[in-house]
Structures are given as structure tokens and as C-alpha cells.
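So the structure is just underneath, and the comments pick up after that.
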Amino acid sequence: MITLVEFLVRDDEYSHDEFVERWQGDHAELARELPGLKRYSTSVPTDPDDAEYDGVLELAFEDGRAMNEAFESDVGREVMDDAAEFTAPGAGPRMVVEETVHVDVDE
């Protein structure tokens, strides 16, 4: 499995709280529909006034082909267009990684 990890920066027109509401609300509803998506998580800083980024996005797919197909789909293009309305695309780092889990405690 591979994971796209991206540190997001909000568009200047949005406050941090407005960004989070849009990102974890309407945008998340749309992004959940990406074909082949295995895991989707968003994280926000506990102290946004002292953080360089407004959030961290993680999208997991079976492999690189599945990830590429997801973003080349109609839904993928819609997700990217929507994100461009409230984020500054490319402002933060992005990596595609293979995860190694060292501890996973079920509660």
C-alpha cells in the first residue's frame, strides 16, 4: 500500500477555522468518493497560530497505479479543482510513501 502525504496551506481568503470547516466538511465528502481509496485521514495542528501548515492530508491506495487512476478520474479532477478553491496548491511538501507500522494498539 502507498500513501500520499501532503502538508496543506490555506488560501489567504480563508481563516484557519474556515479552512478546516471546508476541508473536513464538503471537501471530505467529495474526496471519500475517490476510486480505489483505501484510507483517508486529515490532521490539523493543535496550535494553528504557531504552525507552518494548516493541515496534513493522508490518502492511501493499493499502489501507484491505483493512485494515478483515482486522480485521473472525473471525481479526482473534481477533488483537485475543489481543493484549489481553499488551499494554496504546491505551497507545502508532498510525498508518496510506503508505511511501516511499528506499533498499532487497538483500544
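Each residue of the sequence shown is one higher than the one before, starting from 53 at the first, in this note's numbering. Built from N, CA and C at the ideal position, the CB exists for glycine as well. In this text the structure is predicted, and so the values were computed from the model without any measurement.
- prompt: What three-state label does DSSP hand R229 in the structure shown?
  reply: Residue 229 falls outside the range modelled here, since the chain spans only 53 to 159, and no answer is possible.
Item to complete: Look at the alpha carbon of E137 and the alpha carbon of D158, and state the distance between them as a whole number of angstroms.
Response: 37 Å
Which residues in the same chain have their Cβ closer than 8 Å to the Cβ of L82, if we skip the five residues on either side of it in sequence? V127, E130, V131 and D134
Fill in: Assigned secondary structure, L82 (DSSP; H/G/I helix, E/B strand, else coil)
helix
Do G88 and R96 count as a contact pair if the criterion is CB distance below 7 Å? In the sequence as displayed, the identity of residue 96 is Val instead of Arg. No, Cβ-Cβ distance for V96 and G88 is not below 7 Å.
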